[in-house]
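In our numbering, the protein residues as written are 404 to 1417.
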């Protein structure tokens, strides 16, 4: 994402040499670091109310570097000046000094470096400054200085000065006397004009005046001829003077977050320029003055209003980084493929439909972002995989005949008994005809019982044979038990039909029958196209029908308005936080976005903007339908066809594929392989040869078919990468078996499965010693016990799963692969899976977390033999809380429960809570559903440790946080917040503990937990 601006732009390469030098270990100097008694490494003592005083040790006269940082000091230790006759470097950062300590003046005759950053300085003290005549480096950043004393000009040896993040409104005239100054940071102050005193600093090489309201630059800025690095980010610049183009030594230039619409024609004179950032400006055309800059290596033009890229961009032959995201670019020039040195290419958030031929020549590109473009060729799924896959697609397209296959995914969603299954049958059966004239009969549906839903069903519907338009219709079961698997079927480029039973609809039921489904689709597939269809219209009166349709329409509009206004308010809060300095935001734990960097704030703002710009495309009005009325069915069909064929809504419908890829797909669904549950990779390779695909070209084809939902091929899974699951219908049938919660149906399937098993048990089975009726009774009792355990605790042994899946599973390998697949999907995990060795004949048990009913069950204890005792008392609690104000992704907690299994031991699962250990450290994962409309759902991850060992708690939960973040990436339209809860509030049992923003630095945030009430 380009919202990171300068903070994310090759920081290591761009950051000032002076700052790097400041961090180097001075191995040739005698150094001493002192911490207050009881202080802990990494603890920020500036937040502690009772930081003890430091006492200097004896015999330190030879010390040359003294570090007193992070001690909460208000005064320096007694005798500092007299005891340190050889001191050259003094570090006082992150303390509480309100002014420069007078004792520092005593060191002035030999002190060369002084760091007093991150204090509370509001005044320096003229006498102290005057005494520091030998200083070469001075850091006063992150303080509260309103002005600099005139005596600063007496520091004639000063080479590096940092006064950033203060409250300076001007610089003293004496500043022009700093003739040796090479590096100056004056960013994030309150300057209202470019300080003319700086024009006298002929030796200046690095200058940062970002985040000041300069509004313009002087014409004679050209006097700074030695300048190599210049930061002017967020300086409210509308134009650049022509004199700016005389800065011939410039190598890095940051001009992002300004109001520039054009560059001076002479800008091309900056021939030494290697890095240029023009992001977040107002450019409507690509600046032509950039094209002669042959030495340019990094170019950032994110978040402008560009509509095209000139073909002459190929002249920038040394370009390594090109960011053009979030513009209005409709196409790329063919010549862009000549930039073969590119390593970063960011194009997301544009209007690009087709990539140039030979795009695969950009083989060095490692950072590649292309999402949020209406890509047709190559298909979106191919482009998202990266440049190598684009190259393979284009190569295959050149080798084989192109093929267009209009096919659209259509998903029917809605509550149970909404009428989805009947509507699906009525739409897909060719019995809808309307009378055209006298004597012609209108066909209608016979009065037969409505079809019963069997779970999730897939149907192929050729809606228009003349145009070859085909819908793949997914009837998503409305039962809550299927919620955990429904998100797998929600994908971009599909048409969503939300089905509402108008006969039973009431305005008070809108949130559950309509609103929650819209939130769910919007979170999973931003900008999705949704059509609202009301069924059972024949059971409503004419006025009732109109009122209900209008109410649905009105409440949808109100919900969308509420959501958009809420997001806008959140974005405004971020803007207000960005307008305040970082130091001001970090002054109090109760400040909005306490401790959050500008970079993370910009990232958050960009996400809010993305959510606002990618609202659902909800078609209106609500379409009432009765499956007994052919006219209404025809109207619905025509509506779906007209929407599907709208190229701006569904550009992918007419995407071009290599003919060989299409043939490969067709071969997978032809006998005899069509009847098999899975194929080996070599089986698919043989089919690839029939389609004209060599082995090296097969991978890209299989990857595309996987990404587009035609089959499953997990190339990143060691256990599954040698297999191709092409029979999705059978896989869906298998999923339906697991998610039907009817105990009698499950027991019936198990009894049917045992019929074949009993015949093959032979004399070795203990059941064979019993009479046949006793065998049947005992078998039924055992199976009933397993069904109860499954529905209460989600537990099933592998051999019972095999019985349940007959006749879908024929061999043990089928079962093993299916269980690996279910684990990969996050639906179950093995309780006693060994690492690196078989189970030696013992039974493998699997747990399906979505079936757990008890709050804190201990059903695993009698299988594992583990002692799942309660958590012991600990001194401190570390807790991270995820809050979901709009919608909580269905099935997220159950899938998360599976994903963390490899990280924990001795776990015990409840319906809403998981107790486990990471090594010897306890962890608790909790889900709390919202208790009201205005309350959010929350998911928290917590650990416990004593204060000295709190870092171990942080390390324990970090992998769990990472796993959750990976799952949440599947929901790009989801709004959620992350907070770290105050340990002291939790310890007191506060019902509303203070919450710190979760995107602060991990280590420092960990320590902030203990000081929020100070």
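C-beta: ideal position from N, C-alpha, C; glycine also.
Being a predicted model, the structure only gives us computed values, none of them experimental.
Taking the Cα positions, residue 794 is about 23 Å away from residue 1089. By the CB criterion at 9 Å, residue 814 and residue 937 fall outside the cutoff. Residue 1377 places its beta carbon less than 9 Å from that of residue 926. Excluding its 5 nearest sequence neighbours in each direction, residue 1035 has C-beta neighbours in its own chain below 6 Å: 1028, 1029, listed in chain order.
The C-beta of residue 609 has 16 or more other C-beta atoms within 10 Å across all chains shown, which makes the residue buried. In the DSSP assignment, residue 1357 is bridged to no other residue.
A distance of 9 Å or more separates the beta carbons of residue 697 and residue 667. For residue 510, the CB contacts under 7 Å within the same chain, skipping 5 residues up- and downstream, are 484, 487, 490, 493 in chain order.
Residue 436 and residue 1121 have their C-alpha atoms some 50 Å from each other.
DSSP places residue 1016 inside the alpha helix (DSSP H), whose first and last residues are 1001-1016.
Between the alpha carbons of residue 827 and residue 748 lies a gap of roughly 44 Å. In the three-state reduction of the DSSP assignment, residue 493 falls in the strand class. Between residue 1373 and residue 782, the CB-CB gap reaches or exceeds 9 Å. Annotation for residue 1092: the continuous alpha helix (DSSP H) segment containing it runs 1084-1093. In the assembly as shown, residue 1061 is a buried residue. Its beta-carbon has 16 or more other beta-carbons within 10 Å. If the five residues before and after residue 979 are omitted, its C-beta is found closer than 8 Å to the C-beta atoms of 995, all from its own chain and listed in chain order.
Residues 1319, 1320, 1321, 1326 of the same chain have their beta carbon placed closer than 7 Å to that of residue 1307, with the five preceding and five following residues left out of the count. Judged by DSSP secondary structure, residue 823 falls within the alpha helix (DSSP H) whose first and last residues are 823-831.
Three or more Cβ pairs drawn from the segment 901-915 and the segment 938-945 lie within less than 8 Å of each other, which places the two stretches in contact. The way I'd put it, the segment 1322-1341 does touch the segment 1352-1370; three or more beta-carbon pairs between them come closer than 8 Å.
In the DSSP assignment, residue 934 forms a beta bridge with 900, 1022.
Within a 10 Å sphere around the beta-carbon of residue 1016 sit fewer than 16 other beta-carbons, which makes this residue exposed.
CA-to-CA, the gap between residue 1387 and residue 1343 works out to about 17 Å. Measuring C-alpha to C-alpha distances from residue 752 to each of 738, 708, 770 identifies 708 as the nearest.
Secondary structure of residue 1231 (DSSP, three-state): coil. Out of 895, 632, 458, the CA that lies nearest to the CA of residue 482 is found in 458. As a beta-bridge residue in DSSP terms, residue 1382 pairs with 1284, 1400. Judged by beta-carbon spacing, residue 614 lies beyond the 9 Å limit of residue 633, meaning their Cβ atoms are not closer than that value.
Within the model, the alpha-carbon separation for residue 1194 versus residue 1152 is close to 15 Å. In the structure shown, the three-state DSSP call for residue 748 is strand.
Residue burial is scored here from C-beta neighbours: residue 728 has at least 16 other C-beta atoms within 10 angstroms and is therefore classed as buried.
Sequence-distant partners of residue 789 (beyond 5 residues in either direction) whose C-beta falls short of 6 Å from its own C-beta, in its chain, are 771. Residue burial is scored here from C-beta neighbours: residue 465 has fewer than 16 other C-beta atoms within 10 angstroms and is therefore classed as exposed.
Beta bridge pairing from DSSP links residue 817 with 902. In this chain, the beta strand (DSSP E) harbouring residue 680 covers 678-680. If you compare the alpha carbons of 1296, 822, 1305 with that of residue 1316, the shortest gap goes to 1296.
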